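J.: Dropping the structure in here first, questions after.
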Amino acid sequence: AQKVTQAQTEISVVEKEDVTLDCVYETRDTTYYLFWYKQPPSGELVFLIRRNSFDEQNEISGRYSWNFQKSTSSFNFTITASQVVDSAVYFCALSEDSNTGKLIFGQGTTLQVKP
Amino acid sequence: DAGVIQSPRHEVTEMGQEVTLRCKPISGHNSLFWYRQTMMRGLELLIYFNNNVPIDDSGMPEDRFSAKMPNASFSTLKIQPSEPRDSAVYFCASSDAGIVQETQYFGPGTRLLVL
Chain A
1225 AQKVTQAQTE ISVVEKEDVT LDCVYETRDT TYYLFWYKQP PSGELVFLIR
1275 RNSFDEQNEI SGRYSWNFQK STSSFNFTIT ASQVVDSAVY FCALSEDSNT
1325 GKLIFGQGTT LQVKP
Chain B
236 DAGVIQSPRH EVTEMGQEVT LRCKPISGHN SLFWYRQTMM RGLELLIYFN
286 NNVPIDDSGM PEDRFSAKMP NASFSTLKIQ PSEPRDSAVY FCASSDAGIV
336 QETQYFGPGT RLLVL
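So the protein sequences, as listed, match chains A and B. In terms of my numbering, the first sequence is residues 1225 to 1339. In terms of my numbering, the second sequence is residues 236 to 350.
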C-alpha cells in the first residue's frame, strides 16, 4: 500500500537559516510520481514540484531544492536562506502509475520562519 | 489564465441542511478531483472524474455525499443532510491527465462549518 510520511510536524527557524523538510514514501510500483505543495496561512494549496520515479536528479529552483533518493525512498525539500514568507504548511504527496489520479498526501510539516 | 474556481469560499449551515459546493476546473483539463482537509485526517481524496465520468469514489464517506460533473467545466459536491462532522475545507483540483499522472492544481477551497 502507498504511504507518505512527514515525520516533522512543526519546524521553527530564524530568518536566513536553511531548513530541510523530510518526506519518506512507500510504494510497490516502479513508476510513480512525487509532489510537494505549499499551503500558506491563506489556505490555498500551491504546487511546487513534480518528480517521476525515473528522474533522480536533484532540482533547484531559486532558494528551493529537492533531493530525491530512491535507495532511501525519500524526497526531501530544502529551503535556503529562509524568509518569513516561507512560513506555511508543506505537503509531500505520492501518486502511483497504477492508480492514476489518486494523490496520497503526507500529514504536512508546519514551517515557521521567525524574523 | 484562470485557475480552479470554487464557490462559495465559506459556508456556514445548520445540521440537517443541504450543502452544495461548486467547482470550475482549469479550461482544457480533463480530470477533476474533490478532496477534504481536516485536522484529524489531513487531506483525503473523496472522488475523481476523468472526462466527466466518475472513476474512483471510494473516498466518499457515505451516502450523504454525492458528486456530479455534468460537463467539462463544472462539478458539484453535495452533502445532504449535513452533519457537524462534515465541517472541513473542501478542495477541488484539476489536471490534464492522460496516460501519465500529471500535476493537480488546486482551487482556493471552500471552508464549511456545520453547526
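Idealized CB from N, CA, C, for every residue including glycine. Here the structure is a predicted model, which is why all the values come from computation and not from measurement.
Rounded to the nearest angstrom, what separates Ala302 (chain B) and Ser329 (chain B) at their Cα positions?
T.: 15 angstroms
J.: Please classify Thr1233 (chain A) as buried or exposed, where buried requires at least 16 neighbouring CB atoms within 10 angstroms.
T.: exposed
J.: Compute the Euclidean distance between the alpha carbons of Thr338 (chain B) and Tyr325 (chain B), then round it to the nearest angstrom.
T.: 18 angstroms
J.: For the beta strand (DSSP E) that Ile1235 (chain A) lies in, which residues bound it at each end?
T.: 1234-1238
J.: Under 7 angstroms Cβ to Cβ from Ala332 (chain B), same chain only, skipping five residues before and after it: list those, please.
T.: Only Asn265, Ser266, Asn285 meet the Cβ criterion.
J.: Taking Cβ-Cβ distances below 7 angstroms as the criterion, which residues of the region 1267-1283 of chain A are in contact with chain B?
T.: Gly1267, Glu1268, Leu1269, Phe1271, Arg1274
J.: Residue range of the beta strand (DSSP E) that Asn1276 (chain A) falls in?
T.: 1270-1276
J.: Cβ closer than 8 angstroms: which chain A residues qualify as neighbours of Val324 (chain B)?
T.: Gly1267
J.: Along the beta strand (DSSP E) that carries His245 (chain B), what are the first and last residues, could you check?
T.: 245-248
J.: When the Cα atoms are used, what is the spatial distance from Leu1335 (chain A) to Val1237 (chain A)?
T.: Answer to the nearest angstrom: the Cα atoms are 8 angstroms apart.
J.: Examine chain B for any beta-carbon lying closer than 8 angstroms to the beta-carbon of Lys1326 (chain A), and answer yes or no.
T.: yes
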